Amino acid sequence: MATLKELHNKRGNPDLGHWNTIKLFSIAEASLLTAGLEPCEYNHLADYELRQKLLNEKPINWQHALMLIRSLIEAICTQEIKSPLIRVERSDYNDNCWNETVEQAKISLDDTSSIVANETKIHRDELHKWLRKNGYFEIQQQNIINVQQTVYQQPELIDHNNIILLPEPTYTTPALEAIQGVVNEFWISYDPDSNQPPPKQSTVKSWIAEHYPEMDSDYIQTAIDKICRHPKAKNGGNTKRNQ
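The numbering used here numbers the first residue of the sequence shown as 1 and each following residue consecutively.
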């Protein structure tokens with residue numbers, strides 16, 4: 001199997017760094033990025049149109065992109081990858097079609113052909129774990145230098161096209177991910193003894209709604225804010241912590 005580095009090398013190492021701050025990818029976006037293709041060129045296409053465009057134009061790594069879409073869908077259906085938002089295409093006897101959101105607990109392999117790849121979301125961490133598990137990241141080789149040669153430590157190379165930047169959690173749920181996201185965004189550097197005003201509760205809730213759309217309940221957003229909020233911080237203040 002080709003690694004992420006090999007796939008991107010075949011594509012001439014495209015600059016995909018503008019995706020580094022995105023935390024939620026659609027299945028289509030994750031597959032295209034892994035294959036070294038720019039999702040912005042395909043985001044306007046429905047699932048069928050995307051597959052046909054790749055089949056017809058055959059850009060470098062097109063086979064990998066198509067198989068990754070299928071593999072990620074299967075991984076979601078088998079619960080191997082947790083998804084905060086699963087969109088499924090439905091139809092009735094009158095050939096009326098529509099897309100609806102379905103809880104992952106109700107998804108099975110029978111739904112693989114119905115999942116909408118350009119609307120179903122996976123988190124950056126989940127994608128990272130799955131890619132690593134399936135051999136897309138190169139394993140660092142150790143103890144391969146002959147003892148008679150000069151031993152040196154090779155500096156670690158940073159691949160800025162690597163689409164995964166966050167550490168792997170030992171256990172996670174959408175709510176826990178939202179809590180950790182709020183802590184990292186607003187509170188990790190907050191100093192109650194300084195003149196720095198705390199973020200407004202409304203600002204935190206809006207941020208949660210934008211970055212964790214599955215947390216669409218005002219009650220849950222308020223609860224997450226209260227869990228994360230510093231005990232000395234009130235609900236008012238600046239719109240965001242200083243960077």
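C-beta: ideal position from N, C-alpha, C; glycine also. Because the structure is a prediction, the values reported are computed rather than measured.
Among the bridge pairs identified by DSSP, Val-204 is matched with none. Its Cα nearest to that of Pro-199, the residue Lys-234 stands out among Arg-70, Gly-12, Lys-234.
The continuous alpha helix (DSSP H) containing Ser-31 extends over residues 27-34. When the five nearest sequence neighbours on each side are left out, the beta carbons in the same chain lying within less than 7 Å of the beta carbon of Glu-138 are those of Thr-3, Lys-5, in order along the chain.
By alpha-carbon distance to His-18, the top candidate from Leu-7, Pro-39, Gln-221, His-64 is Pro-39.
Between the beta-carbon of Lys-23 and that of His-211 there is about 6 Å, and that keeps the pair under the 8 Å contact cut. Under the 10 Å beta carbon count, Leu-16 is surrounded by 16 or more other beta carbons and is classified as buried. Per DSSP, Ile-122 is not a residue of any alpha helix (DSSP H); the beta strand (DSSP E) it occupies stretches across 121-123. The C-beta of Tyr-48 has fewer than 16 other C-beta atoms within 10 Å across all chains shown, which makes the residue exposed. Runs of the alpha helix (DSSP H) lying entirely within the segment 45-100 and spanning at least 4 residues, in chain order: 47-57, 62-77. Beta-carbon to beta-carbon, Leu-72 and Ser-31 are separated by about 6 Å, close enough to satisfy the 8 Å threshold. For Gly-181, the uninterrupted alpha helix (DSSP H) segment begins and ends at 174-182. Within its own chain, the residues whose Cβ lies closer than 7 Å to the Cβ of Glu-126, once the five positions on either side in sequence are excluded, are Ile-81, Lys-82, listed in chain order. Per the coordinates, the alpha-carbon of Tyr-219 lies some 43 Å from the alpha-carbon of Lys-53.
When DSSP states are grouped into helix, strand and coil, Leu-24 belongs to the strand group. Residue environment: Arg-90 is assigned as exposed (fewer than 16 neighbouring CB atoms within 10 Å of its CB, all protein chains considered). Under DSSP, Ile-227 shares a beta bridge with no residue. By the C-beta density criterion, Glu-100 is exposed, having fewer than 16 other C-beta atoms within 10 angstroms. DSSP places Leu-7 in the uninterrupted alpha helix (DSSP H) bounded by 4-10. Taking the Cα of Trp-98 as reference, the smallest distance to any Cα among Leu-85, Thr-112, Val-116 is reached at Val-116. Asp-225 and Lys-205 have their C-alpha atoms spaced approximately 7 Å apart.
Between the alpha carbons of Pro-84 and Thr-34 lies a distance of about 20 Å. By the C-beta density criterion, Tyr-93 is exposed, having fewer than 16 other C-beta atoms within 10 angstroms.
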